[in-house]
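Asks: Quick note, the sequences are listed as chains D and H, same order.
Start counting the first sequence at 39; every next residue gets the next number (my numbering).
Start counting the second sequence at 39; every next residue gets the next number (my numbering).
There are 2 protein chains.
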Amino acid sequence: MKEWLDEVPWDAQGLIPVVTQDFASGRVLTLAWMNREALKKTVEAGEAVYWSRSRGKLWRKGEESGHVQKVREVRLDCDADAILLRVEQVGGIACHTGRESCFFRKLENGRWVTVDPVLKDPSLIYTK
Amino acid sequence: MKEWLDEVPWDAQGLIPVVTQDFASGRVLTLAWMNREALKKTVEAGEAVYWSRSRGKLWRKGEESGHVQKVREVRLDCDADAILLRVEQVGGIACHTGRESCFFRKLENGRWVTVDPVLKDPSLIYTK
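1) So which residues on chain D does residue 111 (chain H) lean against when the C-beta distance must stay under 9 angstroms?
2) Relative to the C-alpha of residue 96 (chain H), which residue among H:102, H:103, H:88 is closest?
3) Based on the DSSP secondary-structure assignment, which residues constitute the bridge partners of residue 160 (chain D)?
4) Using 9 angstroms as the threshold, is the C-beta distance between residue 137 (chain H) and residue 125 (chain H) below it?
5) Given that a residue counts as buried once 16 or more other Cβ atoms are within 10 Å of its Cβ, and exposed if not, what is residue 109 (chain H)?
6) Pop quiz: residue 70 (chain D) and residue 58 (chain D) are said to be a contact at Cβ under 8 angstroms. What is the actual Cβ separation, rounded to whole angstroms?
7) Less than 8 angstroms between C-beta atoms, sequence neighbours within five positions excluded: which residues of the same chain meet that for residue 85 (chain H)?
8) As an exercise, report each continuous alpha helix (DSSP H) stretch of at least 4 residues that is fully enclosed by the stretch 43-92 of chain D, in chain order.
9) Is the beta carbon of residue 112 (chain D) less than 9 angstroms from the beta carbon of residue 40 (chain H)?
10) With DSSP run on the structure shown, which of helix, strand or coil describes residue 128 (chain H)?
11) Can you pull out the residues from the stretch 76-109 of chain H whose beta carbon lies closer than 8 angstroms to at least one beta carbon of chain D?
12) Give every residue of the same chain whose Cβ lies closer than 7 angstroms to the Cβ of residue 164 (chain D), excluding the five residues on either side of it in the sequence, and list them in chain order.
13) I want to verify the contact list: residues of chain H whose CB lies under 7 angstroms from the CB of residue 118 (chain D), in sequence order.
14) Within its chain, find whatever has a CB closer than 8 angstroms to the CB of residue 62 (chain H); leave out the 5 residues flanking it on each side and keep chain order.
15) Using a threshold of 9 angstroms, state whether the C-beta atoms of residue 121 (chain H) and residue 77 (chain H) are closer than that.
16) Looking at the structure shown, is residue 109 (chain D) part of a helix, part of a strand, or coil, going by DSSP?
17) Please confirm whether residue 67 (chain D) and residue 133 (chain D) have their CB atoms less than 9 angstroms apart.
18) Could you check whether the Cβ of residue 149 (chain D) sits closer than 9 angstroms to any Cβ belonging to chain H?
19) So, under 8 angstroms CB-CB, residue 50 (chain D) and residue 140 (chain H) are touching, yes? Tell me the CB distance rounded to an integer number of Å.
Here it is as structure tokens:
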């Protein structure tokens with residue numbers, strides 16, 4: 039029998055884009071990437087683990103900030119090759135800038151305008 | 039002055055992943071891709087235009103199905119290189135399978151299970 043991990047349409051780099059959404063507020067928090075191992079660990083641990091393309095390694099969300107994402111639901115799309123993670127965002131902050139969501143800039147009259155507040159100063163989040 | 043389109047971190051293929059969310063229900067509908075021209079047209083027309091990677095051409099969402107996505111908001115993320123489109127989904131159906139969202143399969147006990155209903159038979163949507 040085909041394992042559920044084999045049904046994921048991994049791309050040429052072995053990755054898939056992952057949309058992460060807050061289960062309670064419905065806010066889209068991040069777009070990140072997973073490889074097979076990251077997805078396996080995410081499901082096993084019940085907490086989001088991504089593949090950092092810039093650092094070239096697994097990245098347990100919240101490992102430094104404490105802003106862990108507890109997985110409530112994992113979904114797969116029809117064919118556009120993406121995963122949707124619905125999570126409980128610990129601390130209510132997903133972005134390294136201290137904001138709820140990474141999507142805090144909005145297009146207004148031909149300009150990207152920051153429209154969401156910083157909830158916590160990043161220097162107080164990343165204290166190591 | 040740098041144009042807003044120049045601030046988008048296009049990848050090596052000139053593309054960016056786009057998360058599209060229903061403005062009213064909050065459902066994540068699709069993950070698709072845009073190039074510069076698609077994003078420009080999306081903003082100008084106020085309706086989502088994507089780049090189809092499989093067909094290698096611009097794709098005006100709803101051009102066949104009538105299920106146009108009226109853009110209410112365009113957001114850019116901090117650095118993970120993605121766009122969030124918040125839309126009014128005409129017909130309440132984003133997926134070519136006749137479902138509200140493309141993310142209709144949920145991981146349950148090691149299996150991808152279809153959990154969302156077909157709202158309209160695709161043969162009644164694609165009549166051309």
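Note that beta-carbon positions come from the ideal geometry of N, C-alpha and C, so glycine has one too.
Since we're looking at a predicted model, the values are computed, not measured.
Replies: Let me spell this out:
1) Listed by position along chain D, the residues whose Cβ is nearer than 9 angstroms to that of residue 111 (chain H) are 144, 145.
2) It is H:88 whose Cα lies nearest to the Cα of residue 96 (chain H).
3) The partner list for residue 160 (chain D) (beta bridge, DSSP) is empty, contrary to what the question assumes.
4) Not closer than 9 angstroms, so no.
5) Residue 109 (chain H) should be labelled buried.
6) Going by Cβ atoms, the distance from residue 70 (chain D) to residue 58 (chain D) rounds to 7 angstroms, so yes, they are a contact pair.
7) Residues of the same chain with a CB within less than 8 angstroms of the CB of residue 85 (chain H), apart from the 5 flanking positions on each side, are 98, 99, 100, 106, 107, 108, 109 in chain order.
8) Complete alpha helix (DSSP H) runs here, min 4: 74-83.
9) No, Cβ-Cβ distance for residue 112 (chain D) and residue 40 (chain H) is not below 9 angstroms.
10) Looking at residue 128 (chain H) - three-state DSSP - the assignment turns out to be helix.
11) Residues passing the 8 angstroms Cβ filter: 81.
12) The beta carbon of residue 164 (chain D) is closer than 7 angstroms to those of 102, 103 in its chain, skipping five residues each way along the sequence.
13) Against chain H, a Cβ distance below 7 angstroms from residue 118 (chain D) picks out 68, 69, 70, 140.
14) Taken in chain order, the residues that qualify are 126.
15) Residue 121 (chain H) is a Cβ neighbour of residue 77 (chain H), given a cutoff of 9 angstroms.
16) Residue 109 (chain D) falls in the strand class under three-state DSSP.
17) In contact: residue 67 (chain D) and residue 133 (chain D) (Cβ atoms closer than 9 angstroms).
18) For residue 149 (chain D), the closest Cβ of chain H is nearer than 9 angstroms.
19) In fact, because the Cβ distance is near 21 angstroms, the residues do not count as touching under 8 angstroms.
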